[in-house]
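Here the structure is laid out as structure tokens; the discussion comes afterwards.
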Amino acid sequence: ALPFSLKLMESLLSETPENRALLVATSRAFTQYRYGWVAPPEGGTIEAMLQQERATRLYLRARDYGMRALEQSIDDFRVRFASDPNAALRLARRRDVDALYWTAVSWALAIGGSTDDFELLGDLPSVEALITRAAELDPGYGNGAIDTFLMSFEASRASVSKEAETRARDHFRKAVERSGGISAGPLVAAPIGSAESNTAGITVDLMSLERKGSVLTVKWAVRNTNPDPSAAKTQVRFGYQGQNARTYLVD
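All you need for our numbering is the position in the sequence shown, starting with 1, plus 17.
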């Protein structure tokens, strides 16, 4: 049903191309569809390469919808951003945080899945500028979603920077705090070996590790020990390893 929903959203946008809320929703939907339902390619075959190109295009499609959403708030945003990202982003307001976040996430995931595309790799400063501005405007957005993103972003640089490792740990702590103890996202998104259990009412038990080629599948059992009855559902990622992650809701 999700591909049909994506097509429906694009059809609605063709009728109302300046609908900011729909643009953000479409950016989010394409990002989540690619992240959760399009399997990563395996091997070095032509078919695998074509599959990777399709996967990257889905993320970039999501990014472009996010940029269009920002243009509804900031005149000529894409032109301004290409010329001077920081100056353009100073015009963003709190209402723009959702667009900033999903644009940054989809763009970062496109880059992460195309490490041999040097043109895309050169866009990393743009991603950092977007997510940094989102953090300035609404640090608690999405119950710690920005800190979860920044934790992974800084962790990817930890091998070359001790300061980046320190920042990643700080973002992990903030993400857990801002999730209010009802989301396992920060725990499962943490690099393997650094996830913590029994934190903020969430217990994450490592069940099994299975390696197939370069893909490490990690199976988690998540128990919600938060006494708050509103924490009846816990968001979990199953099969964590970059773009091979899956997101489910469990009791």
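Using N, Cα and C, we set each Cβ at its ideal position, and we do this for glycine too. What you are looking at is a predicted structure, and each value in this text was computed from that prediction instead of being measured.
query	result
Around the C-beta of S44, are 16 or more other C-beta atoms found within 10 angstroms, so that it is buried, or is it exposed?	buried
Just mark A47 as buried or exposed, buried being the case when its beta carbon has 16 or more other beta carbons within 10 Å.	The sequence as given places Phe at residue 47; Ala does not occur at that position. Classification for F47: buried.
Can you look up P142 in the DSSP assignment and give me helix, strand or coil?	helix
Should F98 go down as buried or exposed, given a rule of 16 or more other Cβ atoms within 10 Å for buried?	buried
Between which two residues does the alpha helix (DSSP H) carrying A31 extend?	What sits at residue 31 in the sequence shown is Ser, not Ala. Residues 19–32.
Quick check: the Cα distance between R190 and S169, rounded to an integer number of angstroms?	13 Å
Which term fits V122, buried or exposed, when burial requires 16 or more other beta carbons within 10 angstroms of its beta carbon?	buried
Can you tell which of L138, T149, F135, V193 has the C-alpha that lies nearest to the C-alpha of G161?	V193
Label W119 either buried or exposed according to how many other C-beta atoms from any shown protein chain fall within 10 Å of its C-beta, with 16 as the threshold for buried.	buried
Using a Cβ distance threshold of 8 Å, determine whether the region 93–111 contacts the region 27–35, with at least three qualifying pairs required.	no
Could you check the C-alpha separation between E15 and L108 for me, to the nearest Å?	Here the chain comprises residues numbered 18 to 268, so residue 15 is not present and cannot be evaluated.
Throw me the rounded Cβ distance for the R95 and M84 pair, which I believe falls under 8 Å.	6 Å
Kindly list the residues whose CB is nearer than 6 Å to the CB of A79, restricted to its own chain and excluding five residues on each side of it in sequence; keep chain order.	S44, F47, T48, S123
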